[in-house]
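Novice: Numbering (the numbering used here), first residue to last: 28 to 146. All residues carry an ideal CB built from backbone N, CA and C; glycine is no exception. Quantities reported herein were computed from a predicted structural model and do not represent experimental measurements. Here's a structure for you.
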Amino acid sequence: MEKIQHKYVTVQGLKLHVADIGTGSNVVVFLHGFPEIWYWWRHQMIAAANAGFRAIAPDYRGYGLSDPPSQSEKTSYRDLASDILGILDSLAIPKVFLIANDFGVGVRHYFPFCTRRGS
């Protein structure tokens, strides 16, 4: 069985932690709630990878192993959704399935407003 890998991506000057497993061309992004971190999704990530998907779960800015922003007000849903898009760009992932829990639903809600038209 594959193990979850951990990497860091720099987005908007912040070092963001991303847990990653699987090699499928279809990617599932798991967005955690509050006060959780990526680890909340570990079982679902493994199941998704075993089903042929690539699964990633980031820690939002200021959560878990990710850097906090220099200004605490820079943690709006829109900021966090923009970070997710930056992570996907850094990892060259053009399209995803988003799964969110709790606080993560607010981030998912703003995600379409941060994406590029025609993508």
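Spatial neighbours of Asn128 within its chain, please: CB distance less than 6 Å, with the 5 preceding and 5 following residues excluded, ordered by chain position.
Specialist: Gly60
Novice: Here's a check: name, in chain order, each residue in its chain whose Cβ is nearer than 7 Å to the Cβ of Gly145, leaving out the five neighbours to either side.
Specialist: Reliability of the predicted coordinates at Gly145 is poor, the pLDDT of 49 falling under 50, and no value is obtained from them.
Novice: State the beta-bridge partners of Pro85 as determined by DSSP.
Specialist: BP columns for Pro85 point to Val45.
Novice: If you run the structure through DSSP and keep just helix, strand and coil, what is Ile31?
Specialist: coil
Novice: Quick check on the DSSP output: the beta strand (DSSP E) that includes Leu118 runs from which residue to which?
Specialist: No beta strand (DSSP E) holds Leu118; DSSP gives it neither H nor E.
Novice: Just curious, the alpha helix (DSSP H) that Ile73 is in, first and last residue?
Specialist: Unbroken alpha helix (DSSP H) run through Ile73: 69 to 77.
Novice: I'd like the span of the beta strand (DSSP E) that includes Phe124, first residue to last.
Specialist: 124 to 127
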